[in-house]
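Take a look at the structure below.
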Amino acid sequence: MSEFPVHPVPASFSDAHIDKARYQAMYQRSIAEPDAFWGEMAEEHLSWDALWHTVRAFDFSNGEAAWFSGGILNASVNCIDRHLPARADQTAFIWEGDDPNDSAHISYAQLKTEVCKLANALRSRGVKKGDRVCIYMPMVPEAAYAMLACARIGAIHSVVFGGFSPEALKDRILDSDCQTVITADEGVRGGKPIPLKANTDKALAACPGVHTCLVVKRTGGQIDWHSGRDQWYHELTGVAAGDCEPEPMDAEDPLFILYTSGSTGKPKGVLHTTGGYLLQATMTFKYTFDYRNNEVFWCTADVGWVTGHTYIVYGPLSNGATSLMFEGVPTYPDAGRCWEVVDKHQVATFYTAPTAIRALHAVGDEPVTRSSRASLRLLGSVGEPINPEAWEWYYRVVGDSRCPIVDTWWQTETGGQMITPLPGATDLKPGSATLPFFGVELALLNEDGSEIEGPGAGYLVIKSSWPSQIRTVYGDHQRLIDTYFSHYDGYYFTGDGATRDEDGYYWITGRVDDVLNVSGHRMGTAEVESALVLHDDIAEAAVVGYPHDIKGQGIYAYVTPMAGVTPSDSLRDELVQLCVAEIGPIAKPDVIQWAPGLPKTRSGKIMRRILRKIAENELENLGDTSTLADPGVVQDLIDNRSS
Ligand code: WTA
Numbered sequence: 001m002s003e004f005p006v007h008p009v010p011a012s013f014s015d016a017h018i019d020k021a022r023y024q025a026m027y028q029r030s031i032a033e034p035d036a037f038w039g040e041m042a043e044e045h046l047s048w049d050a051l052w053h054t055v056r057a058f059d060f061s062n063g064e065a066a067w068f069s070g071g072i073l074n075a076s077v078n079c080i081d082r083h084l085p086a087r088a089d090q091t092a093f094i095w096e097g098d099d100p101n102d103s104a105h106i107s108y109a110q111l112k113t114e115v116c117k118l119a120n121a122l123r124s125r126g127v128k129k130g131d132r133v134c135i136y137m138p139m140v141p142e143a144a145y146a147m148l149a150c151a152r153i154g155a156i157h158s159v160v161f162g163g164f165s166p167e168a169l170k171d172r173i174l175d176s177d178c179q180t181v182i183t184a185d186e187g188v189r190g191g192k193p194i195p196l197k198a199n200t201d202k203a204l205a206a207c208p209g210v211h212t213c214l215v216v217k218r219t220g221g222q223i224d225w226h227s228g229r230d231q232w233y234h235e236l237t238g239v240a241a242g243d244c245e246p247e248p249m250d251a252e253d254p255l256f257i258l259y260t261s262g263s264t265g266k267p268k269g270v271l272h273t274t275g276g277y278l279l280q281a282t283m284t285f286k287y288t289f290d291y292r293n294n295e296v297f298w299c300t301a302d303v304g305w306v307t308g309h310t311y312i313v314y315g316p317l318s319n320g321a322t323s324l325m326f327e328g329v330p331t332y333p334d335a336g337r338c339w340e341v342v343d344k345h346q347v348a349t350f351y352t353a354p355t356a357i358r359a360l361h362a363v364g365d366e367p368v369t370r371s372s373r374a375s376l377r378l379l380g381s382v383g384e385p386i387n388p389e390a391w392e393w394y395y396r397v398v399g400d401s402r403c404p405i406v407d408t409w410w411q412t413e414t415g416g417q418m419i420t421p422l423p424g425a426t427d428l429k430p431g432s433a434t435l436p437f438f439g440v441e442l443a444l445l446n447e448d449g450s451e452i453e454g455p456g457a458g459y460l461v462i463k464s465s466w467p468s469q470i471r472t473v474y475g476d477h478q479r480l481i482d483t484y485f486s487h488y489d490g491y492y493f494t495g496d497g498a499t500r501d502e503d504g505y506y507w508i509t510g511r512v513d514d515v516l517n518v519s520g521h522r523m524g525t526a527e528v529e530s531a532l533v534l535h536d537d538i539a540e541a542a543v544v545g546y547p548h549d550i551k552g553q554g555i556y557a558y559v560t561p562m563a564g565v566t567p568s569d570s571l572r573d574e575l576v577q578l579c580v581a582e583i584g585p586i587a588k589p590d591v592i593q594w595a596p597g598l599p600k601t602r603s604g605k606i607m608r609r610i611l612r613k614i615a616e617n618e619l620e621n622l623g624d625t626s627t628l629a630d631p632g633v634v635q636d637l638i639d640n641r642s643s
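Per UniProt numbering: the sequence shown = residues 1 to 643.
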């Protein structure tokens, strides 16, 4: 699969939680006796007020799954209260600000008080179990307090990434009918302010159902104020009690909604429930990162993405770990920032996305090698396939050839890691996410739905339920069935392609649907197309991904102007701005090619396969174009290809 050498488990991991024999034994038992295995795991890893009556029940024909039904627990208690006897003074969060001179330590005891105050403040505004609360925040501790305060009172949080536009925020607030929003006056990234409250005001102009907007004062910048609706976070929490009775939650009560992109235009509200999600978060954090007491763990994701949910907040805290939250960007003040932070806070595990690794690699070794990094024990990768060259650089330069790399494959819908090495158990192959986590039954399918045995390449599917399986698409269960359970009967369809080698290792090759992965951010091609065609001068648009050195994938847009419109640079700029306004800066097309016509079948379907090949500059390899309504279109696109 790769000419790069295998990296065996290093001696420094010989006392890991899970070694080779234990992985084999536990994995086999998790498949052969799932009820017994998961029942034991749930008792060992979580604190319950009452145990369940049924470990698991699922039916892939209607997309239903339930884990630990009847079991009663509260996620905030599992993340905070249960650690207080032993860890009240231990740091729960290290916050590292955008400015290298700003940082803070928050102990578990302080976390408890902050979360309870906010939980009480939310209750004072009428928020109760089952209500949806939108969180649109910068990377400050209050973002985590907000998630945990919701969990404490049984409200369902819906975190919206702070880089999304007012329009995208509005859609998400309306879709899940959030009546409360928690935001900040401004965020700060790379020294620049981000107008979160102004964005929220724009979104809320079209959300009459929102009765409360809580505002964290982060910068003190100038903002508008809507009295009645807007409340200062510090004022409301300032008068609230520091103790708050947790809401008893059934394991199957919802914990959060998180929007993600699919192949159709509208983002989906992925719903996760309490018990199963928390168990997967807790176990994967402990075993994949081989977490040891008192270590500092740093996941660089934003809390607006699932990686931030599971590996900044729920997984680390449920294990009583110290989790580092970073407000800034890896290149500010310069490209050495991450490694300075590693040294400053003695980080043991660093978990990031391949796009960041590639960007830092491109700057060269010096910003890395001028730091010590002696505290590092383990490195992680998530979000997109990592090319073996980037893997080797990460291993050799960042990890000084002594830290294993866990390349973890999973999705918003899976809630936690699904394919991953365990550092004490798995020999590493650069570029491979390696082997399934406990209880994960994988298969590769041919186009016709038959299972591939042994080595081969196909569609990656999952054969049975896992605890943190997506429970529904909020408000649209049929969409869950159509998206994940209808492609192949009896399987969860991941949307990814993969190969399996002779050792049973999985190598994810990327999405096989119309979902892009740009710098680790998931985006539907249809979302970008819908934004482009909002412009009055545009008749049609087709968007595909193409390989991009740093971003993994770039956005390549073919755009057909209306008859009589002459394409211009200013029209191009307007289109880029439209994508920023509708979605956010992450959706800026890298390439816009004017296309007088798009390749379509006689029934009018755009042949994206051809557009992808042209974008990738694989012109010899266009495949069959004979079914096109007008094959001449293709030559025109090739002649006018933007490079
Ligand atoms: C991709 C992020 C290769 C994959 C946790 C998946 C990966 C999508 C990996 C989910 C990996 C994630 N190797 N590809 N280690 N991790 N992906 O929902 O295409 O933002 O389907 O979840 O990212 O993206 P999402």
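A virtual CB, placed ideally from N, CA and C, is assigned to each residue, including glycine.
No experiment lies behind these values; they were computed from the predicted model shown.
Practice problem: Would you kindly report the start and end of the unbroken alpha helix (DSSP H) that includes residue 662? | Solution: The structure shown does not extend to residue 662, since the chain spans only 1 to 643, so no value can be given for it.
Practice problem: State whether the stretch 423-436 contacts the stretch 234-245, with contact taken as three or more CB pairs (one from each stretch) at a distance under 8 Å. | Solution: No, they do not touch.
Quiz item: For Phe37, which three-state DSSP category applies?
Solution: Reduced to three states, the DSSP call for Phe37 is helix.
Quiz item: When the Cα atoms are used, what is the spatial distance from Lys344 to Arg370?
Solution: Their backbone Cα atoms lie some 13 Å apart in a straight line.
Exercise. Could you tell me the distance, in whole angstroms, from the CA atom of Ala542 to the CA atom of Pro166?
Key: If you draw a straight line from the Cα of Ala542 to the Cα of Pro166, it is about 24 Å long.
Quiz item: Beta carbon of Ser381: closer than 7 Å to some heavy atom of ligand 1?
Solution: It does: the Cβ of Ser381 is within 7 Å (strictly closer) of some heavy atom of ligand 1.
Quiz item: First and last residue of the alpha helix (DSSP H) that includes Asp171?
Solution: First-last of the alpha helix (DSSP H) with Asp171: 166-175.
Exercise. In the DSSP assignment, find the beta strand (DSSP E) that holds His361 and state where it starts and stops.
Key: Per DSSP, His361 lies in no beta strand (DSSP E); the unbroken alpha helix (DSSP H) holding it starts and ends at 354-363.
Quiz item: How many angstroms separate the CA atom of Pro316 from the CA atom of Phe285?
Solution: Rounded to the nearest angstrom, the two C-alpha atoms are 7 Å apart.
Quiz item: CB of Gly416 to nearest heavy atom of ligand 1: below 7 Å?
Solution: Not under cutoff, so the answer is no.
Quiz item: Going by alpha carbons, who is nearest to Val382 out of Ile419, Glu392, Cys150?
Solution: Looking at the Cα atoms, Ile419 is the closest of the given residues.
Quiz item: Ile550 by DSSP, collapsed to three states: which one?
Solution: Per DSSP, reduced to three states, the secondary structure at Ile550 is coil, with no helix or strand assignment.
Quiz item: My guess is that Glu389 and Met139 are in contact by the Cβ rule of under 8 Å, so how many angstroms apart are they, rounded?
Solution: With a Cβ gap of about 29 Å, Glu389 and Met139 do not count as contacting.
Self-check item: Expected contact under 8 Å - CB spacing of Cys207 and Thr183 to nearest Å
Solution: That belief does not hold up - the Cβ atoms of Cys207 and Thr183 are roughly 13 Å apart, past 8 Å.
Practice problem: Please indicate yes or no: does the CB of Ile610 lie closer than 7 Å to some heavy atom of ligand 1? | Solution: Incorrect: Ile610 has no Cβ contact closer than 7 Å to ligand 1.
Quiz item: Thinking C-beta only, is Leu516 closer than 8 Å to Ile555?
Solution: Their beta carbons are under 8 Å apart, which means Ile555 touches Leu516 by this criterion.
Exercise. Would you tell me roughly how many angstroms separate the C-alpha atoms of Val127 and Phe68, rounded to the nearest one?
Key: Phe68 has its alpha-carbon roughly 26 Å from the corresponding atom of Val127.
Self-check item: Chain-order list of residues whose beta-carbon lies under 8 Å from that of Ala348 (same chain, five-residue window excluded)
Solution: Once the five neighbours on either side are set aside, the close Cβ partners of Ala348 are Arg292, Glu295, Val296, Phe297, Ser375, Leu376, Arg377, Leu378.
Quiz item: Is Ile508 near ligand 1, with its Cβ less than 7 Å from a heavy atom?
Solution: Checking every heavy atom of ligand 1 against the Cβ of Ile508, one is found closer than 7 Å.
Practice problem: Ignoring anything shorter than 4 residues or poking outside the UniProt domain "Acetyl-coenzyme A synthetase N-terminal" (23-79), list the alpha helix (DSSP H) runs there in chain order. | Solution: Counting only runs that start and end inside the UniProt domain "Acetyl-coenzyme A synthetase N-terminal" (23-79), the alpha helix (DSSP H) elements of at least 4 residues fall at 34-45, 75-79.
Quiz prompt | Counted within 10 angstroms of its Cβ, other Cβ atoms place Gln577 as buried (16 or more) or exposed | solution = That one is exposed.
Practice problem: Report yes if the C-beta distance between Ala457 and Glu451 is below 8 Å; otherwise report no. | Solution: No, Cβ-Cβ distance for Ala457 and Glu451 is not below 8 Å.
Self-check item: Identified DSSP bridge partners for His7
Solution: Leu428, per the DSSP bridge assignment.
Quiz item: Thinking just about the alpha-carbon of each residue, which of Lys192, Tyr277, Ile386 is nearest to the one in Gln553?
Solution: Answer by Cα proximity: Ile386.
Practice problem: Use the C-beta contact count for Leu196: other C-beta atoms within 10 angstroms, 16 or more gives buried, fewer gives exposed. | Solution: The residue in question, Leu196, is buried, as its Cβ has 16 or more Cβ neighbours within 10 Å.
Practice problem: Would you please verify whether the beta carbon of Asp536 is less than 8 Å from any beta carbon of chain B? | Solution: You won't find chain B in this structure, because it holds only one protein chain.
Exercise. Since I believe Val215 is in contact with Cys178 (beta carbons under 8 Å), could you give me their beta-carbon distance rounded to a whole number of angstroms?
Key: With a beta-carbon spacing of about 15 Å, Cys178 and Val215 fall beyond the 8 Å limit used to define contacts.
Quiz item: Okay, do the stretch 257-273 and the stretch 220-237 touch, 3+ Cβ pairs below 8 Å being the bar?
Solution: Touching, no.
Self-check item: Residues bridged to Pro254 (per DSSP)
Solution: Beta-bridge pairing links Pro254 to Thr273.
Quiz item: Cα separation between Ala563 and Glu540?
Solution: Straight-line measurement puts the Cα of Glu540 at about 11 Å from the Cα of Ala563.
Practice problem: Use the C-beta contact count for Pro254: other C-beta atoms within 10 angstroms, 16 or more gives buried, fewer gives exposed. | Solution: Label assigned to Pro254: buried.
Self-check item: Backbone secondary structure at Arg128 - three-state DSSP
Solution: Correcting the residue identity first, residue 128 is Lys in this sequence and not Arg. In the structure shown, Lys128 falls within a coil segment according to DSSP collapsed to helix, strand and coil.
Quiz item: Which residue's Cα is closest to the Cα of His309: Glu96, His211, Tyr277?
Solution: Residue Tyr277 holds the alpha-carbon nearest to the alpha-carbon of His309 among Glu96, His211, Tyr277.
Quiz item: Which full runs of the beta strand (DSSP E) of 3+ residues lie inside the stretch 301-359, going along the chain?
Solution: Taken in chain order, the complete beta strand (DSSP E) segments of 3 or more residues contained in the stretch 301-359 are 322-326, 347-352.
Quiz item: Taking the DSSP output, what are the residues bridged to Ala557?
Solution: Paired residues: Val543, Ile592.
Quiz item: Looking only at its own chain, which residues have a Cβ that is under 6 Å from the Cβ of Thr627, when we skip the five neighbours before and after it?
Solution: Correct list, in chain order: Thr601.
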